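Top line first, the protein sequences correspond to chains A and B.
Position 111, counted from 1, in the first sequence is what my numbering calls 110; the numbers after and before it change by one each time, with no gaps.
Offset between the second sequence (1-based) and my numbering: plus 194.
Heads up: the structure comes next, in structure tokens.
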Amino acid sequence: MRIGSEYQIADRGEFVVTVVLVADDDPDIRDLVAFKLEQAGFDVIAVADGQAALEQARTRQPTLAVLDISMPGLSGIDVCRILRGDPATAGMLIIMLTARVQEHDVEGGFSAGADDYVTKPFSPRELVSRIQALLSRARA
Amino acid sequence: MRRDRSVGFLLTRAFVVLVGLIVCSGVVETAAVLQQHLMVRALTTHVQPLRLANAELRGVLADAQLGVRGYSLTGDGEMLGAFRSALIEYAVAGRALRAMADEDEAPAVDEQLARADTWFEIAELQSRAPPRSAEAVRYAGEAGPLFLAFMAANRDFDADLAERTDELRSLSFRLGGATIVVLVALTVGAALIAACTAVMTARRITIPLGDVVRVLARRGRGELEARADAGGGPTEIRAVAAALNAMADESDRARDAERDVARLRGVVRELGYRIRAHLNVRDAIDEAVRELAEIMRADHVLVRMAPGHPEAPQLSSLRDEHADGPLAPLAGCDVGWLGSGDVWTSGDRPPDGGAQPPEAERRACAQAGDGPVLTVAVSAGEDRLGALTLIRDAGPPFGPVDIQLAESVAGDLGRAVHLARLYEREQQLVARLQELDTAKTDFMSTVSHELRTPLTSIAGYLELLEDAEAGELNPQQARMLEVIGRNTRRLRELIEQLLLLSKIESGAFHATRHQVDLAELVEAAVAAISPAAAQAQVGLHTEVRGPLRLDADAGQLDRLLMNLLTNAVKFTPAAGTVSLLARREADEVVIAVEDTGMGVPEGEQDALFTRFFRASNAVREAVPGTGLGLAIVGAVVDNHHGRIEMRSAEGAGTTVTIHLPVS
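This is the structure:
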């Protein structure tokens, strides 16, 4: 029995696992987040760059995406903007991870359409609680 | 009235009139005196003696008659003797009277004498007749009427003379009266004429002279157009007026010339401003060349720069005549002969010890034009940068004013070249500084990212382990992980503070300043520190006399307050107090944070604001810290042009006072 596990009740009355996309070029952090989210009961798709994140977001249609801002190729902000621009993925919940507390990063993230952001170094526990808060707000 | 008389003439005329009047009155008086004198003389030397002689004659005849009658009556011989002596006296008196009488009187005298002679003839006969004889009686009868006739003639003559005496007297009296009247009239007339002449002369002299004096006074007051009337008045005054006018014209001309020079100076000064305003040397030199040609009426202008000044063009000239125009030979001449501040001008004037151009330069100048040449050194301080040459095809030689103006422009050119060089260096420096700034920003950004990423992994996995997500831990493992956790937090704090410090220190360039109410910031900071203070059992007092508005970066001030309060709480033992006092003092906002903590050792207080410095007692007592908190406070205060004071006694407490200017 997992405490705090995330399930959605589908129309047919079945339990459906919430799918979360995690994109970070640092494998340790990616694994950390994936591990913590899986522990929390989410179905996690972990990718290493922006391009892969876009592809996965389009094919798997996750409920929520955790995007690192500084990634090679497409940055988290770019990915966020593209997802918001595509009607198929426009409603996705997005949390940005940033290593910088500089204001223009945060502003950039929000102007690209992020729902929330978390600065590194972050507590995995806090990340999970932010995700849960965002999901419950979206459902309400 | 003729107006071209001289002062001398007027004065002479006035005096001539006066002298004439005086002479006139003298002549009149003399004539009157002379006339009177003549009358008196006529009276005393002629009329009176004549009358006396006439009376004598009458007496003589009376004596003779008395004698002859007496004799005839008495026959007294004595009587006869009297008659005879009277006869003799008659001859004398008769001659005397005759001699004294003038032509007019002669007939009367002759008549009288004739009657006397006639009587004497009869009396003679009577005296010869015997006394008391009939003959004697007859003669006596005959002589009686004759004697009476003589007496009548004698009386008539006497009356005549008496009348003349009276006449002369009254004439003399009248003459005296007339003389007095004439003299008085003459004197009054002379006085009137003299007064009139004096007044007229004075007016003819003083009025034009007064005009001249008034003109002088008006010019003195600055009415420069005032001119004296040189067309009227006496010759001398007209000469003075003409001289005054000539002087005024001359002084006006001099003033005009001065104004001209001043205007030129103004034009040159403006040119100087424009030259110095150019940051591009080529533009500055071109403008100087163009404007100088116009201002100084030069037909050729050439600027030669000495080698070693790459920021300025080697040669510049009006209409680019140095390329292959008339200035080409001069352009090829070296300016080495000209020292800093030197001037050379062609002309008849002997050179006054200044620089002398070599023969080649003189020939080159002559090829450019026949007119005067002026060459001025272009210098910056003692450094001779080049030469400015002005040549006129014809016209007056360059005077001292021209030289001054050219020197002024050359000086401005020198400064412009110098400034351009400085500007170029500054540009390079700015570019390098910008490069450095960018590199630093990039570096900070990279460090920020690169340090936070591994920290994220460490802290994240640590949390997973502590949360027992990878299995339960035994107490020893838990303790070890706690150590790792504490040091991770310390490392993280260190990185954050270091990044913050470098951001604030570079903040001089990018500080975002707004009107900030420090009272609000203090309230927020105190609220933020309260839980920590409560946990450490430290009392917290705030005294803020707000509002405390100042121009500042709110984020930086917040960091400053937080660091001060954190430090104070951290170093204060339980039951101690931390007080924060903020108030306005003149044009400063003063913040004082006081604690009753461990204090700072005497010798270490100065070093407290340097990075990574930690007080020895804090290290000894293992109070955690990075040594960056106060360095950040110092950087924030520097950024806001404020100052810090620190008072501390070890074991008693510390007070940090910060003064920030309001704007």
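Every residue, glycine too, gets a C-beta built ideally from N, C-alpha and C.
Values in this document were obtained by computation on a predicted structure and should not be read as measured data.
C-alpha gap between residue i and residue j, whole angstroms
| i | j | result |
| --- | --- | --- |
| B/M345 | B/A310 | 9 Å |
| B/F703 | B/R753 | At B/F703 the pLDDT is 44, less than 50, meaning the model places this residue with poor confidence and gives no usable figure here. |
| B/G427 | B/E485 | 53 Å |
| B/M840 | B/A728 | 25 Å |
| B/R245 | B/R349 | 10 Å |
| A/P120 | A/T97 | 9 Å |
| B/A588 | B/G563 | 8 Å |
| A/P86 | A/R80 | 12 Å |
| B/L742 | B/A713 | 6 Å |
| B/P339 | B/Q306 | 14 Å |
| B/E676 | B/I652 | 13 Å |
| B/L759 | B/A721 | 11 Å |
| B/V611 | B/I479 | 9 Å |
| B/R408 | B/P591 | 41 Å |
| A/L134 | A/L92 | 8 Å |
| B/A334 | B/D270 | 16 Å |
| B/H834 | B/I785 | 14 Å |
Cβ of residue i within 8 Å of any chain B Cβ
| i | result |
| --- | --- |
| A/L31 | yes |
| A/A22 | no |
| A/F34 | yes |
| A/R129 | no |
| A/I28 | yes |
| A/R138 | no |
| A/P120 | yes |
| A/D25 | yes |
| A/S135 | no |
| A/S110 | no |
| A/P71 | no |
| A/R124 | yes |
| A/A47 | no |
| A/A89 | no |
| A/A39 | no |
| A/A98 | yes |
Residue(s) in a DSSP beta bridge with residue i
| i | result |
| --- | --- |
| B/G733 | B/T771 |
| B/S539 | The sequence shown places Thr at residue 539 of chain B, not Ser. In the DSSP output, where bridge partners are listed per residue, B/T539 has B/L568. |
| A/L31 | According to DSSP, which records beta bridges pairwise, A/L31 is partnered with nothing at all. |
| B/R498 | B/L509 and B/A581 |
| B/G847 | B/A843 |
| B/D745 | B/Q709 |
| A/A45 | A/V21 |
| B/H853 | B/V784 and B/R837 |
Residue i at chain A interface by Cβ criterion, 8 Å
| i | result |
| --- | --- |
| B/G665 | no |
| B/S642 | yes |
| B/L688 | no |
| B/G679 | no |
| B/S651 | yes |
| B/E657 | yes |
| B/T647 | yes |
| B/G654 | yes |
Counting Cβ pairs, one atom from each stretch, are 3 or more of them under 8 Å apart for the region 453-465 of chain B and the region 590-599 of chain B? yes
With contact counted as at least three CB pairs below 8 Å, one residue from each stretch, are the region 657-665 of chain B and the region 690-699 of chain B in contact? no
What are the complete alpha helix (DSSP H) segments, minimum 4 residues, inside the region 560-605 of chain B? none
Using 8 Å as the cut-off, can you tell me whether the region 573-581 of chain B makes contact with the region 431-446 of chain B, which would need three or more C-beta pairs spanning the two stretches below that distance? no
Considering only residues of the region 250-275 of chain B, which uninterrupted alpha helix (DSSP H) runs meet the minimum length of 4 residues and lie entirely inside it, listed in chain order? none
For the region 252-263 of chain B against the region 203-217 of chain B, do three or more pairs of beta-carbon atoms, one drawn from each stretch, fall closer than 8 Å, so that the two count as touching? no
Run through the region 762-841 of chain B for me and flag every whole alpha helix (DSSP H) of 4 or more residues, listed as ranges in chain order. 810-814 and 823-833
Would you list, in sequence order, the uninterrupted beta strand (DSSP E) runs of no fewer than 3 residues that lie entirely inside the region 52-125 of chain A? 63-67, 92-97 and 115-118
Jot down the residue ranges of each uninterrupted alpha helix (DSSP H) in the region 401-436 of chain B, minimum 4 residues, whole runs only, in chain order. none
Between the region 793-808 of chain B and the region 816-823 of chain B, can you find at least three pairs of beta-carbon atoms closer than 8 Å? yes
Kindly confirm or deny that the region 549-564 of chain B and the region 515-527 of chain B touch, where touching means at least three C-beta pairs closer than 8 Å. yes
Does the count of Cβ pairs from the region 14-24 of chain A and the region 50-58 of chain A closer than 8 Å reach three? yes
Can you confirm whether the region 784-804 of chain B touches the region 754-770 of chain B when touching is taken to mean that 3 or more C-beta pairs between the two stretches lie within less than 8 Å? yes
Spell out a yes or no on whether the region 310-324 of chain B and the region 293-300 of chain B are touching, meaning 3 or more CB-CB pairs, one atom from each, closer than 8 Å. no
Uninterrupted beta strand (DSSP E) stretches inside the region 657-743 of chain B (no shorter than 3 residues): 708-711 and 733-738
The region 449-458 of chain B in contact with the region 600-617 of chain B per 3-pair CB rule at 8 Å: no
Taking 8 Å as the threshold, find out whether the region 732-746 of chain B comes into contact with the region 766-777 of chain B through three or more Cβ pairs. yes
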